[in-house]
Ligand code: THU
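Residue numbers (this note's numbering): 775 to 937.
See below:
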């Protein structure tokens, strides 16, 4: 038997002001996108801003549905839109910001499991890591480089691809 230990690396900043200007702007765009979400059921608003290698920024917000599972998270809205509009263009950074109507979100949110899997697929497709920035309404900002830090033992199988 062999027990393995897996380390993840998350950097915590006291606030967005400790980040480079380009990343502050991206978080700001994520926050603005959160304000445009359609979240009448959870009243929890999430925005995602994707910085592409070509310099374009694509934003998305969570889109809910009366049939709850039909809704989609902000991260997937943004990542799917980015690859629809600019297929094959690499994602450099994904900024995620959120706020709630009924409580103060004083810590960053992390993407849900399904979004982590979609981020993993994006990294595998482009063969490079994505920097992920995470922010609440107040409190620290978390940053990590590469989905392996949020989704250790990620499922991926290249041989499943038909071409
Ligand atoms: N949500 C996101 O958009 N991204 C996340 O990372 C976590 C959760 C959305 C889904 C749902 O519309 C609401 O937040 C509450 O779960």
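Ideal Cβ positions, reconstructed from N, Cα and C, are used throughout, including at glycine.
Can you tell me whether residue i is buried or exposed, with buried defined as 16 or more other CB within 10 angstroms of its CB?
i, result
"residue 899", "exposed"
"residue 782", "exposed"
"residue 803", "buried"
"residue 862", "exposed"
"residue 797", "buried"
"residue 828", "exposed"
"residue 839", "exposed"
"residue 886", "exposed"
"residue 769", "The displayed coordinates of the chain run from 775 to 937. Any statement about residue 769 would go beyond what the structure contains."
"residue 780", "exposed"
"residue 822", "buried"
"residue 897", "buried"
"residue 888", "exposed"
Look at residue i and residue j and say whether their C-beta atoms are less than 8 Å apart.
i, j, result
"residue 760", "residue 817", "No information on residue 760 is available, as it lies outside the stretch 775 to 937 that the chain covers here."
"residue 917", "residue 883", "no"
"residue 869", "residue 826", "no"
"residue 848", "residue 834", "yes"
"residue 819", "residue 872", "yes"
"residue 904", "residue 865", "yes"
"residue 853", "residue 892", "yes"
"residue 879", "residue 911", "yes"
Tell me whether residue i counts as near the ligand THU, meaning its Cβ is closer than 7 Å to at least one heavy atom of that ligand.
i, result
"residue 887", "no"
"residue 841", "no"
"residue 852", "no"
"residue 865", "no"
"residue 833", "no"
"residue 820", "yes"
"residue 883", "yes"
"residue 848", "yes"
"residue 845", "yes"
"residue 813", "yes"
"residue 895", "no"
"residue 827", "no"
Going straight from the alpha carbon of residue i to that of residue j, what length do you get?
i, j, result
"residue 881", "residue 776", "36 Å"
"residue 788", "residue 842", "34 Å"
"residue 856", "residue 877", "31 Å"
"residue 809", "residue 824", "16 Å"
"residue 930", "residue 790", "33 Å"
"residue 926", "residue 859", "29 Å"
"residue 922", "residue 935", "21 Å"
"residue 786", "residue 914", "6 Å"
"residue 901", "residue 920", "11 Å"
"residue 832", "residue 811", "14 Å"
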